[in-house]
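Peer 1:
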Amino acid sequence: MTQWLTLSRAARLIGVPRGALQRQVREGALPSNEGLVSIEGLLRLYPEFRVEDSGAFERVARIKNEAFGRRVQERVLPSQEVLAQRLYAQSRELADAQRHLSRYHELVIELWAKLDAVVAAAPRTDLDLLHADFARGLAEVLATESAGALAIMDDMLRVVSAHVKVRPSGHEFFVDGRDTLLQAGLKAGLNLPYGCGNGTCGLCKARVVSGAVTKVAPFDYRLSEAERHQGYTLLCAHSPGSGEIVIETLEAGGPGEIPEQEIELRVRQVQALAGDTLLVHAQTPRSTRLRFLAGQSVTLYGNADGLEVQGVYPIASCPCDDRNLQFHIARDEGDALAEMFFAGAARAGDTLRLWGPTGDFVLAESGRPLSFIACDTGFAPVKSLIEHAIAGEEVEAISLDWLATRPDRHYLANQCRAWAAAFDGFRYAAHADRDPAQGARRLVEALATELPLASRDVYVAGPGAFVEAAATALGEAGVPDAQLRVTVV
Ligand code: FES
Numbered sequence: 000m001t002q003w004l005t006l007s008r009a010a011r012l013i014g015v016p017r018g019a020l021q022r023q024v025r026e027g028a029l030p031s032n033e034g035l036v037s038i039e040g041l042l043r044l045y046p047e048f049r050v051e052d053s054g055a056f057e058r059v060a061r062i063k064n065e066a067f068g069r070r071v072q073e074r075v076l077p078s079q080e081v082l083a084q085r086l087y088a089q090s091r092e093l094a095d096a097q098r099h100l101s102r103y104h105e106l107v108i109e110l111w112a113k114l115d116a117v118v119a120a121a122p123r124t125d126l127d128l129l130h131a132d133f134a135r136g137l138a139e140v141l142a143t144e145s146a147g148a149l150a151i152m153d154d155m156l157r158v159v160s161a162h163v164k165v166r167p168s169g170h171e172f173f174v175d176g177r178d179t180l181l182q183a184g185l186k187a188g189l190n191l192p193y194g195c196g197n198g199t200c201g202l203c204k205a206r207v208v209s210g211a212v213t214k215v216a217p218f219d220y221r222l223s224e225a226e227r228h229q230g231y232t233l234l235c236a237h238s239p240g241s242g243e244i245v246i247e248t249l250e251a252g253g254p255g256e257i258p259e260q261e262i263e264l265r266v267r268q269v270q271a272l273a274g275d276t277l278l279v280h281a282q283t284p285r286s287t288r289l290r291f292l293a294g295q296s297v298t299l300y301g302n303a304d305g306l307e308v309q310g311v312y313p314i315a316s317c318p319c320d321d322r323n324l325q326f327h328i329a330r331d332e333g334d335a336l337a338e339m340f341f342a343g344a345a346r347a348g349d350t351l352r353l354w355g356p357t358g359d360f361v362l363a364e365s366g367r368p369l370s371f372i373a374c375d376t377g378f379a380p381v382k383s384l385i386e387h388a389i390a391g392e393e394v395e396a397i398s399l400d401w402l403a404t405r406p407d408r409h410y411l412a413n414q415c416r417a418w419a420a421a422f423d424g425f426r427y428a429a430h431a432d433r434d435p436a437q438g439a440r441r442l443v444e445a446l447a448t449e450l451p452l453a454s455r456d457v458y459v460a461g462p463g464a465f466v467e468a469a470a471t472a473l474g475e476a477g478v479p480d481a482q483l484r485v486t487v488v
């Protein structure tokens, strides 16, 4: 019997990006039926597939270990309760299938005996043909090979890693380890609605259309009787209780749908990334999360010698990083808040006020390959976008070109090399030029000889002169305005 898989699950099993399979379906190399692909089709396309080197499980661990910060990692297995519930759901499906199979088996044997008797008593041509067809069909069924490696791995994945489909967007994601539906959805790059993240506000409410959920975190918010009856649940307090579930919720379609928020942050760490660049790691209170889209900025307010100072900074972390927010702050004489940090006047434990998010330097869902071009701390919003794009597993190819106007301004080059090592379709190149405008022109010139830029979405971030020169050069290289997004940092 043909076993059908969603594209997301098939991509996980084979160990390729979902975007790569989507392309194969578009090009007709991989037949699909209502968005599903068969295990047989997959094996025809990837005949060299072997369980031991498919990387289905290893790939997930490798992505987390090599490409994300430690905070994004989590324990690999779900809790015992969640595992037990998913196993129970799967065992019930299996028991139902076995019961039906044994009834079909009895029916077939019974029909076979009757047909045998009729043919023996009064042989007729048509009946003989039917008899022979039946005999051949039965022989083929009995000769069916036992379940293949892919089917077995798919069954295992259903227990340790539940698959979630979101309606009406059609987005899909997996829930690994002890994540809640909300945590897993954010890690997968979805713009799910939420507020507190801890079961208090009710903003993450979603309807479970099919499948089961199980509570994995305490919550105070009370769903009404009618909501419970209609299948509503809190995404921040539940995990899938079956291997497949479908939920209904409205994801943010763009920056205009993200509310402005005012939140008090606590500084966790101020660390030098380079001579004139600091990493400021701050955290929201336990009862609050900042809802934002990767690539957006916020205004931070601090206190220097009794005076309130402020600055606008892109967030360098991605929404999947829970309560943690990172900023790359460069020394700039006109920036009083940056001066406060460089003077050592803000330390771990101090509070900052945040207002935002703002800006529309966010990912467009086009399915095209992505090119990121950054200069100095323009890398901050680009880092957020790249983490978001990688988490979504939709993009087949990403390029990153980072220009430094001073030798120490490739301050997270190891991170970029780790991405390039962990993901097949990731290309990283470092550039250096003291003049940002000249550097931008040279960078785009070199990039255009390597990649078909006109067919990519291009994101540019950095100082004004860099962004302006890069945008002009990209236009000359054939990148349509609609595929170009820029931000001045
Ligand atoms: S209850 Fe607030 S985000 Fe879930």
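Using numbering that gives the first Met the number 0, read the sequence shown as starting at 0 and increasing by one per residue.
For every residue, glycine included, the Cβ atom is placed at its ideal position computed from N, Cα and C.
1) In whole angstroms, what separates the C-alpha of S286 from that of R221?
2) DSSP state of P46, grouped into three classes?
3) Just list the residues that DSSP pairs R265 with in beta bridges.
4) So does G184 have its beta carbon nearer than 7 Å to some heavy atom of the ligand FES?
5) From A390 to G188, what distance separates their C-alpha atoms?
6) Assign R322 to one of two classes, buried (16 or more other C-beta atoms within 10 Å of its C-beta) or exposed (fewer than that).
7) Keeping to the same chain, check which residues put their C-beta closer than 6 Å to that of A470; ignore five residues upstream and five downstream.
8) By alpha-carbon positions, which one of P318, L336, V165 and P380 ends up nearest to G310?
9) By the DSSP assignment, the beta strand (DSSP E) with P380 in it spans what residues?
10) Assuming L114 is part of the alpha helix (DSSP H), what are its boundary residues?
11) Provide the residue span of the alpha helix (DSSP H) that contains Q414, from first to last.
12) With 16 as the cutoff for other CB atoms within 10 Å, does Q23 come out buried or exposed?
13) What do you reckon, is the C-beta of C317 under 7 Å from a heavy atom of the ligand FES?
14) Is F218 close to the ligand FES? I mean its beta-carbon at under 7 Å from any heavy atom of the ligand.
15) Looking at C-beta atoms only, is the number of pairs between the stretch 398 to 410 and the stretch 369 to 377 that lie closer than 8 Å three or more?
16) In the DSSP output, what is T5 paired with across the bridge?
17) Pick from A345, A315, C195 and L191: whose alpha carbon is nearest that of E256?
18) Helix, strand or coil: how does DSSP classify G68 here?
19) Give the straight-line distance between the Cα atoms of W354 and R98, rounded to the nearest whole angstrom.
20) Is it true that the stretch 316 to 330 meets the stretch 272 to 291, where meeting means three or more beta-carbon pairs spaced less than 8 Å apart?
21) Going by beta carbon distance, what residues of the same chain come within less than 7 Å of G198, once the five residues before and after it are set aside?
22) So, is H162 buried or exposed, given that buried needs 16 or more other C-beta atoms within 10 angstroms?
23) Per DSSP, which one or two residues make a beta bridge with Q245?
24) Roughly how many angstroms lie between the CA atoms of T283 and D349, to the nearest whole one?
25) Is any heavy atom in the ligand FES found nearer than 7 Å to the beta carbon of G194?
26) When you compare each of C195, E364 and I262 to A251 by their alpha carbons, which one comes out closest?
27) Any idea what DSSP makes of D456, helix, strand or coil?
28) Here's the rule I'm using: 16 or more other beta-carbon atoms within 10 Å means buried, otherwise exposed. How should L180 be labelled?
29) Can you tell me whether S160 is buried or exposed? The criterion is at least 16 other CB atoms within 10 Å of its CB, across all chains shown.
30) For a test of your reading of the model: does the CB of G252 fall under 7 Å from any non-hydrogen atom of the ligand FES? Yes or no.
31) Assuming I13 contacts L35 under a Cβ cut-off of 8 Å, what Cβ separation, rounded to an integer in Å, is found between them?
32) Taking C-alpha atoms, which residue in L369, T448 and Y103 lies nearest to A396?
33) Using alpha carbons as the reference points, say which of G230, A211, A183 and G210 lies closest to K204.
34) Can you say whether H104 is buried or exposed, counting buried as having 16 or more other CB atoms within 10 angstroms of its CB?
35) Report, in whole angstroms, the separation of the C-beta atoms of D359 and P254, which I expect to be a contact under 8 Å.
Peer 2: In brief:
1) Cα to Cα, the separation comes out at about 16 Å.
2) It is coil, neither helix nor strand.
3) Partner(s): Q282 and T350.
4) Not so, every heavy atom of the ligand FES lies at least 7 Å from the Cβ.
5) Going by C-alpha positions, A390 is about 5 Å away from G188.
6) The residue in question, R322, is buried, as its Cβ has 16 or more Cβ neighbours within 10 Å.
7) Within the same chain, Cβ atoms closer than 6 Å to the Cβ of A470 are found at V485, the five residues on either side in sequence being excluded.
8) Between G310 and the set P318, L336, V165 and P380, the nearest pair of CA atoms involves L336.
9) Where P380 is concerned, there is no enclosing beta strand (DSSP E), although the alpha helix (DSSP H) it sits in stretches over F378 to G391.
10) Per DSSP, L114 belongs to the alpha helix (DSSP H) from Q79 to A120.
11) Here the alpha helix (DSSP H) through Q414 covers A412 to A421.
12) Looking at its Cβ environment, which holds 16 or more other Cβ atoms inside 10 Å, Q23 is buried.
13) It does not: the Cβ of C317 is nowhere closer than 7 Å to a heavy atom of the ligand FES.
14) A heavy atom of the ligand FES is found nearer than 7 Å to the CB of F218.
15) Taking 8 Å as the limit for Cβ pairs, the verdict is that the stretch 369 to 377 does touch the stretch 398 to 410.
16) Its beta-bridge partners are L35.
17) Distance check between E256 and each of A345, A315, C195 and L191 places L191 closest, using alpha-carbon atoms only.
18) The predicted model places G68 with a pLDDT of 46, which falls under 50 and marks its position as unreliable; any figure quoted below should be read in that light. Three-state result, G68: coil.
19) Each residue's alpha carbon lies about 59 Å from the other.
20) Per the Cβ contact rule, the stretch 316 to 330 is in contact with the stretch 272 to 291 (3 or more Cβ pairs under 8 Å).
21) A216, P217, F218, D219, Y220, L233, C235 and A236, listed in sequence order.
22) Burial state of H162 is buried, judged by a 10 Å Cβ sphere holding 16 or more other Cβ atoms.
23) Residue identity check: residue 245 is Val in the sequence provided, not Gln. Answer is K164 and S209.
24) CA-CA distance, T283 to D349, rounds to 12 Å.
25) The answer is yes for G194.
26) Looking at C195, E364 and I262, the one whose alpha-carbon comes closest to that of A251 is E364.
27) DSSP places D456 in strand when its eight states are reduced to three.
28) Label assigned to L180: buried.
29) Counting Cβ neighbours within 10 Å, S160 comes out buried, since at least 16 surround it.
30) G252 Cβ: outside cutoff for every heavy atom of the ligand FES.
31) Going by Cβ atoms, the distance from I13 to L35 rounds to 15 Å, so no, they are not a contact pair.
32) When C-alpha distances from A396 are compared across L369, T448 and Y103, the shortest belongs to L369.
33) The residue with the shortest Cα to Cα distance from K204 is G230.
34) Residue burial annotation: H104 is exposed, with fewer than 16 other C-beta atoms found within 10 angstroms of its C-beta.
35) About 5 Å separates the two Cβ atoms, so the contact holds.
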